[in-house]
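Presented below is the structure to which this report refers.
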Amino acid sequence: MSQIAVQVEEVTVSYNGKVALHGANLELRTGSISGLVGMNGSGKSTLFKAIMGFVQPTHGRVLIKGISMKRAQKQNLVAYIPQYEDVDWNFPISVEDVVMMGRYGYMNFLRIPGKNDHEIVTESLLKTHMNEFRSRQIGELSGGQKKRAFLARALAQKAQVILLDEPFAGVDIKTEKAIIQLLVELRNMGHTILISTHDLSSISTFCDDVVLINGTILAYGPTREVFTEENIARTFDGMMMIKDVASR
Amino acid sequence: MNIEAVWQWFVAPLQFEFMVKAILVSALVGTVCSLLSCYMTLKGWALMGDAVSHAVLPGVVIAYILNIPFAIGAFIFGLGSVISIGFIKANTRIKEDTVIGLVFTGFFAFGLVLISKTPSSVDLMHILFGNVLGISDLNLVQTVIISIITIVCLTLLRKDLLLFCFDATHARSIGLNTTALYYVLLSMLALTIVAAQQTVGIILVIAMLVTPGATAYMLSDEFNKMTLIAIASGVFSSLMGTYISYHLDASTGGCIVVLQTLLFVAAMIFAPKHGMLAKRLQS
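In order, the protein sequence lines correspond to chains W and U.
Counting from 1, position 29 in the first sequence corresponds to residue 29 in the numbering used here; the numbering is continuous, with no gaps.
Counting from 1, position 37 in the second sequence corresponds to residue 1037 in the numbering used here; the numbering is continuous, with no gaps.
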C-alpha cells in the first residue's frame, strides 16, 4: 500500500485568469490527520477542490493513492464532509439514506442497494455509534451526531481520504471532543484525514501534521515542527499572535 | 345533498367526450407535475420554474406559425432560456435571481410581440391560461407522450436526482455527472411545462410545479412519502378542479390551482409535526 495517500505536485489553479493557488506541493501520509490552516481566500477551498478533482489545475497534478483524480473518483477514494451551513437539515431524508448515498458509486445506475450495501451501511453506522439513530430524519440529530452521520457515509463509501470543511464551526466543546475522538478512531483504521479549520487552539491536540496555506502551501509536516509561531505569522500575514503554539 | 346528487355531480360530465379527455389529461398532468414538484421544492427552483414556464411562450407561437408540434418549440425555448441564464450568470457580475428575472421577461415579451403580429389562429388566452376542455386529439397525444417520458426519466433517475438535490458535492466526488443531472432536471422541467400548458396555461403552471411538493413537504420527513403525498394532492386537485370548473363554468386552471393552494394552507396550519398549530402547541 502506498504510504502517501495524497500527492499535490506543483499545482496551480486559476479562475478566469486569477491565480487562486500557486505552485502548491503537498504529501499527506496514509493514516494521518492533517490540519489545513489559512486565512479566508488563502486557497483552502481551491486545494480541496483540486484534491476532489473539481478543478483542473493549469499546471501540476494531484494523485490519490498514486492514481489520477478522475480514476480516484470512479473508485470512490475521496469523501467530503460539508460545512454545517451547506446542508439542508430539513431535507426529508433519514440517517440511513444519507449513509446509503455513500454506496451509490458501487451500484448500478438505478442505485438499488444489495445485501452487501445494507451490511456495509449498518457496519458504518455501528462504527460511528449512529446505528440507534438510523431511522431519524437528519435534522433531528444533535450537532455531533450530524457530523457522525456524514462520517458514516464516508466509511460506507470506503473512502481512503476524508476531507472535512470546518467541522468544529458552531459546535460546543463537548461535541468537538467527540468528533475529534471519532476522527482519531478513523485515522487508526487507516483513513487519511484533512481538516480545514480556523480553530488553531485544538490543532496540536489531535493533528499529526499541519498544512499551512497562503496562496500556496507555505509548509507542511509534523505538527510539532511546522506549527510554529513564525510559520503561523507567515500564514496569517503577521496578523496573528499566538504564543508557544507547539507546546499547546 | 343525497348520494344520487353526488353521483350525478361526478357522472354527468362524463357523457361529454371533451370532459372525459380533460379529466384524463388533468390527472396525468397532475401526476407528472407533482412528481417533479418534489425536486423543485427541495432544490429551491421555484423561480427557475417560473422563468422557464414564461420563456416557452415564443416557442409555442413559432411552432404554431411553422405548423409543427407546439411541444418542440416550447422545449427549445424553455431550454434556451436556461442556457441563456447560465451564460449571463457566468459572464457578468449580475446575481442569479436578477438574471432569471431579466431573461424570462425578455423571452415572454418576445412571445407577446410574435402573438400580436400573428394571425388570430394563435389564441393568447389559451396559451396563457390553458384550455383543457378544448384539447385537440393531437395535443392530447403529445401531452400523454411527454408525460410518460418525464415520469419514466424521473423514476429511473430518482436516486441520482435526490442526491443531486441534497448534496451535489458528494454526487460529484463519487463521479456522478452533476452537470448532466442539472440539465436532465431542467429538461424534465421544460417538458413538464409543455405537458401542463394545455391544462393550466403557462402563467399558472408554476403552481402545479411547486404547490404539491410544498404541501407534501409540510406533511412528511421521508422522500418516498413526500412523493406519494404530492402526487395524491396534485391528482386530487387536478380532478376535482376540472369537475368544479365544469359545474361552475369557471376557468379550469384557476380552479385546479385554487384547490391546490387550499390544500397547502390546510397542510400549513394542520400538519401534525410541522404545521403552525403543532408548532404552537410544542412551544
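Every residue gets a Cβ at the ideal spot worked out from N, C-alpha and C, and that includes glycine.
Residue i to residue j span [Cα, whole Å]
i	j	result
residue 1217 (chain U)	residue 1254 (chain U)	23 Å
residue 962 (chain U)	residue 93 (chain W)	Only positions 1001 to 1283 of chain U appear in this structure, which leaves residue 962 (chain U) out of reach.
residue 1082 (chain U)	residue 1047 (chain U)	12 Å
residue 1204 (chain U)	residue 1078 (chain U)	16 Å
residue 1239 (chain U)	residue 1193 (chain U)	18 Å
residue 1202 (chain U)	residue 1130 (chain U)	7 Å
residue 1199 (chain U)	residue 1180 (chain U)	29 Å
residue 1287 (chain U)	residue 1279 (chain U)	The requested residue 1287 (chain U) does not occur in the structure, where chain U is confined to residues 1001 to 1283.
residue 198 (chain W)	residue 80 (chain W)	18 Å
residue 1212 (chain U)	residue 1257 (chain U)	10 Å
residue 1182 (chain U)	residue 1005 (chain U)	49 Å
residue 1067 (chain U)	residue 46 (chain W)	51 Å
residue 1020 (chain U)	residue 1117 (chain U)	35 Å
residue 85 (chain W)	residue 1030 (chain U)	34 Å
residue 162 (chain W)	residue 1069 (chain U)	51 Å
residue 1276 (chain U)	residue 1208 (chain U)	23 Å
residue 1206 (chain U)	residue 1090 (chain U)	25 Å
residue 1229 (chain U)	residue 1219 (chain U)	8 Å
residue 1251 (chain U)	residue 1269 (chain U)	27 Å
residue 1022 (chain U)	residue 1014 (chain U)	10 Å
residue 1154 (chain U)	residue 1061 (chain U)	28 Å
residue 1145 (chain U)	residue 95 (chain W)	37 Å
residue 1134 (chain U)	residue 1080 (chain U)	29 Å
residue 176 (chain W)	residue 91 (chain W)	24 Å
residue 83 (chain W)	residue 217 (chain W)	22 Å
residue 1214 (chain U)	residue 227 (chain W)	50 Å
Segment limits, alpha helix (DSSP H) that includes residue i
i	result
residue 1215 (chain U)	1178 to 1219
residue 129 (chain W)	Counting along the chain, residue 129 (chain W) falls outside any alpha helix (DSSP H), and DSSP gives it neither H nor E.
residue 1142 (chain U)	1137 to 1156
residue 1020 (chain U)	1017 to 1043
residue 1127 (chain U)	1124 to 1129
residue 1054 (chain U)	1046 to 1055
residue 1172 (chain U)	1168 to 1173
residue 1247 (chain U)	1223 to 1248
Residue-chain proximity (residue i, chain B), Cβ-Cβ < 7 Å
i	result
residue 1040 (chain U)	Protein chains in the displayed structure are W and U, and chain B is not among them.
Segment limits, beta strand (DSSP E) that includes residue i
i	result
residue 217 (chain W)	217 to 222
residue 1093 (chain U)	Per DSSP, residue 1093 (chain U) belongs to no beta strand (DSSP E) and is neither H nor E.
residue 7 (chain W)	4 to 15
residue 25 (chain W)	18 to 29
residue 61 (chain W)	59 to 64
Nearest-angstrom Cβ-Cβ length linking residue i and residue j, presumed shorter than 8 Å
i	j	result
residue 76 (chain W)	residue 158 (chain W)	6 Å
residue 1242 (chain U)	residue 1132 (chain U)	7 Å
residue 34 (chain W)	residue 193 (chain W)	7 Å
residue 78 (chain W)	residue 51 (chain W)	7 Å
residue 1143 (chain U)	residue 1195 (chain U)	5 Å
residue 214 (chain W)	residue 105 (chain W)	No, residue 214 (chain W) and residue 105 (chain W) are not in contact; Cβ-Cβ is about 34 Å, not under 8 Å.
residue 1003 (chain U)	residue 1051 (chain U)	About 47 Å; that fails the 8 Å criterion.
Status (buried if at least 16 other CB within 10 Å, exposed otherwise) for residue i
i	result
residue 241 (chain W)	For residue 241 (chain W), the predicted structure reports a pLDDT of 48, less than 50, and the residue's modelled location is therefore unreliable. The matter cannot be settled from this model.
residue 1128 (chain U)	buried
residue 1148 (chain U)	exposed
residue 1167 (chain U)	buried
residue 1054 (chain U)	buried
residue 15 (chain W)	exposed
residue 72 (chain W)	buried
residue 190 (chain W)	exposed
residue 1260 (chain U)	buried
residue 1093 (chain U)	exposed
residue 1017 (chain U)	exposed
residue 115 (chain W)	exposed
residue 118 (chain W)	exposed
residue 1272 (chain U)	exposed
residue 1 (chain W)	Residue placement at residue 1 (chain W) is poorly supported in this model, since its pLDDT is 49, which falls under 50; the coordinates still yield a value, given next. So residue 1 (chain W) ends up on the exposed side.
residue 112 (chain W)	exposed
At least three beta-carbon pairs within less than 8 Å, the stretch 165 to 176 of chain W to the stretch 125 to 145 of chain W: yes
Would you call the stretch 1033 to 1050 of chain U and the stretch 1230 to 1243 of chain U touching, i.e. three or more CB-CB distances under 8 Å? yes
Are the stretch 1215 to 1229 of chain U and the stretch 1099 to 1110 of chain U in contact at 8 Å, needing three or more beta carbon pairs? no
Flag this pair as touching only if the stretch 146 to 157 of chain W and the stretch 98 to 106 of chain W have three or more C-beta atom pairs under 8 Å; answer yes or no. yes
Are the stretch 60 to 67 of chain W and the stretch 3 to 20 of chain W touching, with three or more C-beta to C-beta distances below 8 Å? Three or more Cβ pairs drawn from the stretch 60 to 67 of chain W and the stretch 3 to 20 of chain W lie within less than 8 Å of each other, which places the two stretches in contact.
Is the stretch 207 to 226 of chain W in contact with the stretch 27 to 34 of chain W, if contact means three or more CB pairs nearer than 8 Å? yes
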